[in-house]
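Visitor: Below is one structure. I have some questions about it.
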Amino acid sequence: MTAFLYVVIYTAALAFTGACVSRTIAYARAPVHLRWELYPIPHEERERVKHGGSYLEAAEWWTKPRRTSLLGELKFMIPEMLLLKGLWEFNRRLWYRSFPFHFGLYLLIGTMALLAIGAALSLFAPTLMAGQFGEGVRLLYRITGTGGFGLAILGALALLAHRLAEPSLRTYTTAGDVFNLVFFAVALALLAAGDLSRGRSAPDMLAFSKALLTFDTSIQLPKLLAAGLLLSAFLVAYVPMTHMSHFIAKFFTYHFVRWDDAPNRRGEKLEVKIAEYLTYRPTWSAAHIGADGRKTWAQIAAGNPTRGIKE
Amino acid sequence: MSRKIKLADMSRADGKPLVHLENKDLMSLPGPLAGAAQGRSWAPLSEQIRNRYECLLDDTCAVNVPRPKTRQEENDLIRKFISGLEKLFTREDNWTFLQPLLLTMEHCARCQTCSKACHVFEGSGNNEIYRPTYRSEILRRLYFKHVKKGGLLAAWQHGDIVLNWPLIARLIELSYRCNLCRRCAQTCPIGADNGLVAHELRKLFSQEMGIAAKEIHNDGSMLQLRVGSSTGMNPAVVKDNIEFIDEEMTERTGIQVKTPWDVEGADLLLIHNAGEILAWPENPGAFAVVLNAAGISWTLSSELAGYDSVNYGVWYDDAQLARVAVKHAEAARKLRVKKIVLGECGHAHKALAVVADRVLTGDLNIPRESSMTLLRDIIMEGRIKLDPGRNDFPVTLHDPCNMVRLMGVVEPQREIVRRICPGFREMEPHGVDNYCCGGGGGFAIMSSNNFPDWRFHVSGRKKLQQILNAFADCMGPSIPKYLCAPCSNCKGQFRDMLAYYDLWEKHRILYGGLVELIVNAMEGVKPGFIEWEWR
């Protein structure tokens with residue numbers, strides 16, 4: 001049973017990584033699109049960020065060096081990622097439900113990282129983990145774990161209730177949406193219940209993590225905890241296959257769409273890419289496009305569908 | 001208010017519109033229009049129109065899609081739609097917007113945050129069909145079902161939808177109920193873009209099915225590519241008109257005005273929206289006055305499309321967008337100018353300076369600049385003498401979405417207005433948070449059937465509210481007020497909407513461009529360049 005659990009957990013981790021990488025590659029490999037930025041753009045110069053302006057506000061902007069600010073992006077991104085600042089600003093009612101859910105998940109991810117570090121240290125620096133440092137790690141993961149479970153479960157239930165009660169959301173809610181939130185709530189509740197109901201003699205999460213790292217199948221987990229781990233592993237594998245993988249999408253929607261204001265300059269890499277795209281052969285059927293499967297985008301753009309039409 | 005609309009209603013085959021709009025359900029308006037706007041009735045669609053065209057969405061009909069006569073014709077249209085849908089998601093056919101479209105299709109959380117930002121949804125009194133996610137959700141379900149071919153699993157995860165001709169016919173109209181202002185996208189926590197969805201739908205209909213609003217395709221980009229301008233003016237006519245404007249401006253300003261044509265090696269090629277030349281000749285005239293007075297080396301071009309900056313392709317068709325942008329660049333290349341400067345036209349700014357930036361390569365990649373920055377530098381460097389006292393009347397500034405939220409040109413026009421208009425007041429919100437005039441995305445030039453009623457009642461409603469609020473302290477007819485809109489399409493919408501609600505007649509709210517305010521304040525020009533009369 002324990003070995004089966006380990007296999008499922010490792011498989012889930014691999015599936016999660018594989019699905020995330022595959023999705024990331026799919027988006028990254030998509031062609032550079034036409035410019036479609038949306039202001040304000042936080043990497044602009046500070047004076048311009050204040051009013052949402054762009055380098056296009058400068059006369060003869062192409063003669064000036066282009067400066068972008070990573071700090072400006074970080075000042076926007078960190079509150080957005082950690083605190084869901086956009087939602088706070090534009091949809092406060094939802095923020096009260098969404099923030100606990102997301103922050104709970106962050107705490108749980110932090111808990112997993114602490115457990116992984118703790119387990120590794122138990123193996124390679126056992127004396128360190130046996131002392132006060134180890135106690136500190138245990139205390140910390142219990143705090144983050146308890147907080148994480150509490151917030152994420154409450155958040156998932158609050159989001160579910162909101163989605164079902166609010167008419168504007170209900171119209172757009174699919175069976176899959178309900179399942180997703182229920183899946184989160186049940187898997188996390190089961191895991192939390194399994195940990196809380198664990199007897200004193202049963203291995204704690206740190207001991208389990210150490211056993212997982214070494215594939216030690218001799219430890220015996222309570223059934224409830226094992227069920228919670230199993231279901232959570234499935235959840236981890238499932239998330240990147242759904243729209244909930246927006247943690248990947250958001251990187252692209254911000255950095256590659258909303259904030260992509262890079263100008264096309266002669267002879268630079270971007271122009272080389274565009275030149276390649278202009279050799280693509282579209283197949284759109286409308287007569288005015290004139291796409292016959294042989295003409296390239298460049299030829300279509302240079303053409304005139306009205307040629308031959310009398311005034 | 002009609003009953004609650006569901007997504008599945010889009011496929012209803014009862015031959016009836018989904019919603020009927022009542023004035024009492026629309027967002028309320030302040031001050032003088034609190035009750036009066038309710039009294040403005042809509043022209044009903046005639047039986048003839050209903051019989052001839054697909055008018056299955058709401059109380060108007062913008063695109064005039066002929067009703068298929070046979071089942072075979074319907075099936076052919078459905079097949080074409082599916083074929084176009086697939087092409088939207090291929091690299092060869094849609095490299096231009098594939099990445100943002102995929103991200104929007106696959107990651108919207110349907111949290112409805114965007115709805116609160118949409119002026120059309122709010123203006124309609126939160127009518128479900130105008131919710132930004134309504135049309136997107138239809139496309140999303142079609143994408144998972146017909147492109148990803150997800151079967152039952154996709155239907156369970158993303159929802160199902162029945163694809164039939166009524167759905168397609170409604171979707172065609174619905175893609176023309178969004179101004180493409182992308183205010184919704186600005187608020188999306190994930191970065192999904194429902195404005196892009198409307199754009200891509202229009203593109204599918206145009207590029208695959210040959211269906212587009214007549215005003216922007218046949219009478220728009222096609223006419224421009226045929227004779228040189230969507231106004232129908234050929235080079236000889238436009239030159240005649242400008243000559244007439246020069247004479248008129250000379251008389252009005254007391255300064256000799258001469259517009260240069262086809263000057264090889266000039267520093268800049270100025271391209272106006274040619275609609276200005278016909279509808280608001282004082283705008284190109286004022287440009288000539290300012291540029292000549294500032295000693296700028298400039299020219300107009302008489303090449304095909306070189307004298308008309310409009311590029312309607314940016315609203316509905318990538319091939320048309322690219323073709324017109326190439327024509328603009330070719331005109332500049334022929335004259336060997338150092339840069340192209342775009343006159344007061346928002347969508348022309350976005351089309352040529354931003355979107356087409358990744359279409360123009362090699363020697364067609366000629367620098368493009370907004371006239372806002374050029375004018376700002378002329379004013380701030382003191383190259384012309386100004387007397388702000390001549391502009392001592394209430395002025396508010398409209399932010400064209402294409403120039404501001406979608407291009408980031410926010411401050412130059414404000415610096416000018418603050419410098420020359422002592423009575424300047426901002427609308428709220430403004431800048432990149434502005435609301436669309438209601439004529440964006442091509443609506444300002446679309447006037448088939450009773451579509452203008454919809455524009456003034458629904459899409460323009462939020463802006464109307466902003467204008468009335470901005471002038472709330474001086475609404476009386478004794479005080480003339482100036483709504484400054486540095487964009488031709490926005491001006492077109494304001495001209496029609498202010499007249500619709502009698503706001504000039506009863507409250508003396510006039511609209512106009514930015515450069516007219518500059519000339520009105522110029523020392524050495526006869527006072528009273530701005531004529532306080534309706535046009």
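These protein sequences, in sequence, are chains A and B.
Numbering-wise (my numbering), the first sequence opens with residue 1 and increments by one.
Numbering-wise (my numbering), the second sequence opens with residue 1 and increments by one.
Don't be surprised by glycine CBs; every beta carbon is placed ideally from N, CA and C.
Please read these numbers as outputs of a predicted model, since none were measured by experiment.
1. With V395(B) as the anchor, note down where its beta strand (DSSP E) starts and where it stops.
2. Taking only beta carbons into account, state which residues of the segment 343-354 of chain B come closer than 7 Å to chain A, listed in chain order.
3. Taking 9 Å as the CB-CB cut-off, is I78(B) touching chain A?
4. Which whole-angstrom value is the C-beta distance of C114(B) and C184(B), which I expect to be below 8 Å?
5. Within its chain, find whatever has a CB closer than 6 Å to the CB of M129(A); leave out the 5 residues flanking it on each side and keep chain order.
6. Give me the Cα-Cα distance between H146(B) and W165(B), rounded to the nearest whole angstrom.
7. Could you check where the beta strand (DSSP E) with C484(B) kicks off and where it finishes?
8. Per DSSP, L5(A) forms a beta bridge with which residues?
9. Can you determine whether any heavy atom of the ligand SAM sits closer than 8 Å to the C-beta of L224(A), and answer yes or no?
10. Within its chain, find whatever has a CB closer than 8 Å to the CB of D9(B); leave out the 5 residues flanking it on each side and keep chain order.
11. Measure how close the beta-carbons of L510(B) and Y482(B) come, nearest whole angstrom, since I'm counting them as under 8 Å.
12. Spell out whether any CB of chain A is found under 9 Å from the CB atom of E200(B).
13. Exposed or buried, H20(B), counting other C-beta atoms within 10 Å across all chains shown (16 or more means buried)?
14. With distances taken Cα to Cα, identify the nearest neighbour of H272(B) among S488(B), K24(B), W42(B).
15. For T214(A), which residues of its own chain have a beta-carbon under 8 Å away from its beta-carbon, when the five flanking residues on both sides are left out?
16. Got a sec? Which residues, its chain only, sit under 7 Å from A521(B) by beta carbon, not counting five neighbours each side?
17. From L223(B) to H217(B), what distance separates their C-alpha atoms?
18. Are there 16 or more other CB atoms within 10 angstroms of the CB of A192(B), so buried, or fewer, so exposed?
19. With the cut-off set at 9 Å, would you say V409(B) and V355(B) are in Cβ contact?
20. Mind listing, in chain order, the continuous alpha helix (DSSP H) runs of no fewer than 4 residues lying wholly within the segment 52-124 of chain A?
21. Buried or exposed: Y10(A), going by 16 or more other Cβ atoms within 10 Å of its Cβ?
22. Pull out every residue of the segment 307-329 of chain B whose Cβ sits closer than 7 Å to any Cβ of chain A, in chain order.
23. Report yes or no: is there a C-beta of chain B within less than 9 Å of the C-beta of K250(A)?
24. If V458(B) and G31(B) are in contact, beta carbons under 8 Å, what's the gap, nearest whole angstrom?
25. Give the residues from the segment 89-109 of chain A that approach chain B closer than 7 Å (Cβ to any Cβ), ordered along the chain.
26. Going along chain B, which residues have a C-beta under 8 Å from L221(A)?
27. Does the beta-carbon of S218(A) have 16 or more other beta-carbons within 10 angstroms, so that it is buried, or is it exposed?
28. Less than 9 Å between the C-beta atoms of Y176(B) and G442(B), yes or no?
29. Measuring only the C-alpha atoms, how far is V337(B) from W42(B)?
30. How many Å lie between Y277(A) and K462(B) at the Cα?
31. Is the shortest distance between the beta-carbon of N273(B) and the beta-carbons of chain A less than 9 Å?
32. By the 10 Å Cβ neighbour count, where 16 or more other Cβ atoms means buried, how is A3(A) classified, buried or exposed?
33. Tell me which residues share the same chain as L169(A) and place their Cβ nearer than 8 Å to its Cβ, disregarding the 5 neighbours each side in the sequence.
34. Mind listing which residues of the segment 108-132 of chain B have their C-beta closer than 9 Å to chain A's C-betas, in chain order?
35. Is F529(B) closer than 9 Å to Y500(B) when the C-beta atoms are compared?
36. With distance defined between alpha-carbon atoms, name the residue in A329(B), L335(B), D219(B) nearest to G362(B).
Guide: Let's see:
1. The sequence position of residue 395(B) within the second sequence is 395, counting from 1. Per DSSP, V395(B) is one residue of the beta strand (DSSP E) stretching across 395-397.
2. Answer in chain order: A353, V354.
3. Reading the second sequence from its first residue, position 78 is the one you call residue 78(B). Interface flag for I78(B) against chain A is unset, since no Cβ pair is found closer than 9 Å.
4. Taking the second sequence and counting its residues from 1, the one referred to as residue 114(B) is at position 114. Taking the second sequence and counting its residues from 1, the one referred to as residue 184(B) is at position 184. Confirmed, Cβ separation roughly 4 Å.
5. Here the question's residue 129(A) lines up with position 129 in the first sequence. Cβ neighbours of M129(A) beyond the five flanking positions: L121, S122.
6. Numbered from its first residue, the second sequence carries residue 146(B) at position 146. Numbered from its first residue, the second sequence carries residue 165(B) at position 165. One C-alpha to the other measures close to 15 Å.
7. To locate residue 484(B), count along the second sequence from 1; it is residue 484. In this chain, the beta strand (DSSP E) harbouring C484(B) covers 481-484.
8. Within the first sequence, the letter at position 5 stands for residue 5(A). Bridge partners of L5(A): none, in fact.
9. No copy of the ligand SAM appears in this structure; indeed no ligand is present at all.
10. For this step, residue 9(B) is matched to residue 9 along the second sequence. If we look at D9(B) and ignore the five residues flanking it on each side, its Cβ neighbours are L18.
11. Sequence index remark: in the second sequence, residue 510(B) carries index 510 (1-based). Sequence index remark: in the second sequence, residue 482(B) carries index 482 (1-based). Between Y482(B) and L510(B) the Cβ distance is about 6 Å, and since that is below 8 Å, they are a contact.
12. In the second sequence, counting from the first residue as 1, residue 200(B) sits at position 200. Chain A contact via Cβ: absent.
13. As a first step, residue 20(B) must be located in the second sequence, where it is residue number 20. It is exposed - the Cβ of H20(B) has fewer than 16 other Cβ atoms within 10 Å.
14. The count along the second sequence starts at 1 and reaches residue 272(B) at position 272. Considering only S488(B), K24(B), W42(B), the residue with the shortest C-alpha distance to H272(B) is S488(B).
15. For the purposes of this step, residue 214(A) is taken as the residue at position 214 of the first sequence. Excluding sequence neighbours, T214(A) sits near L123.
16. Sequence index remark: in the second sequence, residue 521(B) carries index 521 (1-based). Once the five neighbours on either side are set aside, the close Cβ partners of A521(B) are L386, D387, P388, R390, N391, I420.
17. Translated into positions along the second sequence, residue 223(B) becomes position 223. Translated into positions along the second sequence, residue 217(B) becomes position 217. L223(B) and H217(B): Cα-Cα distance of roughly 8 Å.
18. Within the second sequence, residue 192(B) is the residue found at index 192, counting from 1. So A192(B) counts as buried.
19. Translated into the one-based positions of the second sequence, residue 409(B) becomes position 409. Translated into the one-based positions of the second sequence, residue 355(B) becomes position 355. Their beta carbons are not under 9 Å apart, which means V409(B) does not touch V355(B) by this criterion.
20. Those alpha helix (DSSP H) runs which fall completely within the segment 52-124 of chain A and span 4+ residues are 70-83, 85-90, 92-124.
21. In the first sequence, counting from the first residue as 1, residue 10(A) sits at position 10. Y10(A) is exposed by the Cβ-count criterion.
22. Residues of the segment 307-329 of chain B with a C-beta atom less than 7 Å from some C-beta of chain A are A319, A322, R323, V326, listed in chain order.
23. The sequence position of residue 250(A) within the first sequence is 250, counting from 1. Cβ-Cβ to chain B under 9 Å: yes for K250(A).
24. In the second sequence, the residue the question calls residue 458(B) occupies position 458. In the second sequence, the residue the question calls residue 31(B) occupies position 31. Actually they do not touch by this definition, with Cβ atoms about 19 Å apart.
25. Listed in sequence order: F90, N91, L94.
26. The residue given as residue 221(A) occupies position 221 in the first sequence. Chain B residues near L221(A): none, gap ~32 Å exceeds 8 Å.
27. As a working note, residue 218(A) is residue 218 in the first sequence. By the neighbour-count criterion, in which 16 or more other beta carbons inside 10 Å mark a residue as buried, S218(A) falls on the exposed side.
28. Working through the second sequence from its first residue, we reach residue 176(B) at position 176. Working through the second sequence from its first residue, we reach residue 442(B) at position 442. Taking 9 Å as the Cβ cut-off, Y176(B) and G442(B) qualify as a contacting pair.
29. Indexing the second sequence from 1 puts residue 337(B) at position 337. Indexing the second sequence from 1 puts residue 42(B) at position 42. If you take the alpha carbons of V337(B) and W42(B), they lie about 49 Å apart.
30. Stepping through the first sequence from its first residue, residue 277(A) is reached at position 277. Stepping through the second sequence from its first residue, residue 462(B) is reached at position 462. Taking the straight line from one Cα to the other gives about 40 Å.
31. One-based indexing of the second sequence puts residue 273(B) at position 273. Taking Cβ atoms only, chain A never reaches closer than 9 Å to N273(B), which makes this a no.
32. Against the first sequence, residue 3(A) aligns to sequence position 3. A3(A) is exposed by the Cβ-count criterion.
33. Position 169 of the first sequence, counted from the first residue, corresponds to residue 169(A). Answer for L169(A): H162, R163, listed in chain order.
34. Contacts with chain A (Cβ-Cβ distance below 9 Å) from the segment 108-132 of chain B involve C108, A109, R110, C111, Q112, T113, C114, S115, K116, A117, N126, E128, R131, listed in chain order.
35. Working through the second sequence from its first residue, we reach residue 500(B) at position 500. Working through the second sequence from its first residue, we reach residue 529(B) at position 529. No.
36. For the purposes of this step, residue 362(B) is taken as the residue at position 362 of the second sequence. The shortest CA-to-CA distance from G362(B) to any of A329(B), L335(B), D219(B) is the one to A329(B).
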